[in-house]
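Residue numbers (this note's numbering): 1464 to 1802. Note sheet for the following structure.
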Amino acid sequence: MTFAIKRGTNISHWLSQSEARGAPRRARFVREDVRKLAELGFDHLRLPVDETQMWEVNGRREPEAWELLNAGLDWCRECGLRVIVDLHILRSHYFNQEKVPDLFTQQKEAERFVELWRDLSDGLRQRPVDQVAYELMNEPVARDPEDWNRVYRGAYDLLRAQEPLRVVVIGSNQWNSPATFDKLYVPPGDPHLLLTFHYYNPMLITHHQAPWWNMGKLYSGPIQYPGQPIPAAAWSALPGDVQCQLAPLNVHHDVSTMEHDLALPLAVAARTGLALYCGEFGVLNTVPDAIRTAWYRDFRSVLERHGIAWGNWDYKGGFGLFGADGAPTAVLAALRQDG
C-alpha cells in the first residue's frame, strides 16, 4: 500500500460538526496550522467532512466548503502530510442519534450515500493515491452489522470502479468499536484497504463530565487511572441507583486491558494481511493532566508495539493537542514522536 502513515491528528469542527460559515470557518484552520503539525512530527491528518457542509439539500456542492477542502489538501501536499478524507456525518446518519438511522432503513438514503462518494471521487480523484485516502463513513451505528456491511459496499464498489488504486478506509460497526471487528465484512483480495477502529475505553475516564453523554453527566467526582475509574471511597458514597447505572463501566483498566481490547482488530489484520488504523482516541480536558498523560502514553505504547497507525481526536478542542486558546496541552507531550 502506497499510502504510508504512522502518526496524525483529526481536524475537527472545521468542515464537520460546526455551524460556522464564511470568515469564522475560514479562520478555524489555515495553512500555518498544517505547517505547525508537520514541524511537530505528524505525518498525516484525518479530515472529517459533513454532508451538510459540503452539499446543499438538493445535492449541489457548497462552493466555499469545497474551496476550503481543496485548499487544505494543497497545504498538506506542500508540507508533506497525507490526508484521510472522512465522510463524518450524513443527513441520514449521525453516530449519536437514538433512532435507527435512515441510512439503514431507506434505500434512497443508501443510494444517496453512494452518490455523495461519486461526487467526492469526481472532485478529488486527481489527487495522488499516495497522498489522499477516503474513509467511507465515521462510526456507523447499525443495529445489525450486516446492514452496515450492505450499505458501505455500495460506495466501496463505486469507488473501486472509479479509482481502483485509491486507499479506502473501512471501519467497524457500533462507533468503529474494536469489539465488533469480527462482524466487519472485508472485501477479499484488495490490498488498497485500511481497517479502522476508534478507542475511548474506559468511558468514565475519557469522557469524564462530558455534557453530551448521559453517564458523563451522572458522575462528576474524582477518577483514577490505572485501576477502577471511580476510587473506592467515592464509589461507596454514591447512591445505590447511581452505582447500578455505573457498575458496568467502573471496571479495572490498564495497559493490559488495552491490549486485550485490540485482540479482534489484530486478528482480522493478521487474517487479511491489511494494516490497522486507530482513527480516533482521546481523553477530555476535564480529566487531570496526570491521568490524561498516563492514559495516552499507555495507549500510544500499545498502538506502536503492534505497528498500528493512529490519529488522535483532535487537533484543537476539548480533547486537543492544543486548547481553544492555542496553548499546547498535556496531550501533545504524551503523543509527540520524541515524547
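Backbone N, C-alpha and C fix where the C-beta goes; we use that ideal spot for every residue, glycine too. Predicted model, so just to flag it, every value in this text is computed and none were measured.
Cβ neighbours of residue i in the same chain (closer than 6 Å, five flanking residues each side left out)
i	result
G1802	With a pLDDT of 44 at G1802, under the threshold of 50, the modelled position of that residue is not reliable, and the figure given next carries that caveat. Contacts found: A1796.
S1683	Q1672
P1728	P1641, F1644, F1660 and L1739
G1679	H1670, Q1672 and A1673
I1468	D1506, H1507, R1545 and A1772
W1477	R1491 and F1492
A1757	Y1688
According to DSSP, residues forming a beta bridge with residue i
i	result
T1472	L1508 and N1775
I1668	DSSP, once it has assigned bridges, lists no residue as partnering I1668.
G1679	None, per the DSSP bridge assignment.
W1518	R1524
Y1740	T1659 and A1772
R1545	H1507
I1633	L1658
H1556	L1553
G1783	Note: G1783 sits in no beta bridge, so no partner.
L1478	V1512
G1690	H1716
E1702	The amino acid occupying residue 1702 in the given sequence is Pro; Glu does not appear at that position. Beta-bridge pairing links P1702 to no other residue.
Unbroken alpha helix (DSSP H) run spanning residue i, endpoints
i	result
H1723	V1718 to D1724
L1656	First-last for L1656: L1656 to Y1662, but that is the beta strand (DSSP E), not the alpha helix (DSSP H).
R1491	A1486 to R1491
V1604	Taken as a continuous stretch (DSSP letters only), V1604 belongs to no alpha helix (DSSP H), as it is neither H nor E.
Y1648	Looking at the DSSP string, Y1648 is not in any alpha helix (DSSP H), and its letter there is neither H nor E.
S1699	A1695 to S1699
F1576	Q1570 to L1587
H1608	Position check: residue 1608 holds Pro in this sequence, whereas His was assumed. Residues P1608 to Q1625.
E1502	R1494 to E1502
A1797	A1793 to L1798
Check whether residue i and residue j have beta carbons under 7 Å apart
i	j	result
C1741	Y1688	no
E1514	L1553	yes
D1761	V1718	yes
P1692	L1725	no
K1505	R1470	In the sequence on display, residue 1505 carries Phe and not Lys. Taking 7 Å as the Cβ cut-off, F1505 and R1470 qualify as a contacting pair.
P1665	H1716	yes
L1599	A1624	no
R1509	G1703	no
N1473	W1776	yes
K1646	P1608	yes
G1781	N1748	yes
N1639	A1605	no
L1621	V1592	no
S1584	E1527	no
V1765	M1721	yes
A1700	P1685	no
W1538	R1494	yes
Proximal residues to residue i (C-beta, below 8 Å), its chain only, five neighbours per side dropped
i	result
T1785	What sits at residue 1785 in the sequence shown is Phe, not Thr. Result list for F1785: Y1778, K1779, P1791, T1792 and L1795, in chain order.
A1596	F1466, R1545, V1546, I1547, V1548, R1629, V1630, V1631, V1632 and L1657
R1799	L1503 and G1504
R1763	W1773, A1797 and L1798
V1649	I1633, L1656, L1658, V1731, T1735 and L1737
L1681	V1705, Q1708 and L1709
W1676	M1666 and H1670
Chain-order list of residues whose beta-carbon lies under 7 Å from that of residue i (same chain, five-residue window excluded)
i	result
W1529	M1517 and G1586
R1573	Inspection of the sequence shows that residue 1573 is occupied by Ala rather than by Arg. These residues qualify, in order along the chain: L1566, V1614 and G1617.
S1479	P1511, V1512, D1513, Q1516, H1551 and I1552
L1536	V1546, R1590 and V1595
Terminal residues of the beta strand (DSSP E) in which residue i lies
i	result
A1596	V1595 to E1598
Could you say if the region 1485-1504 and the region 1759-1771 meet the contact criterion of at least three C-beta pairs nearer than 8 Å? no
Does the structure place the region 1602-1614 close enough to the region 1561-1578 that three or more beta carbon pairs sit under 8 Å? yes
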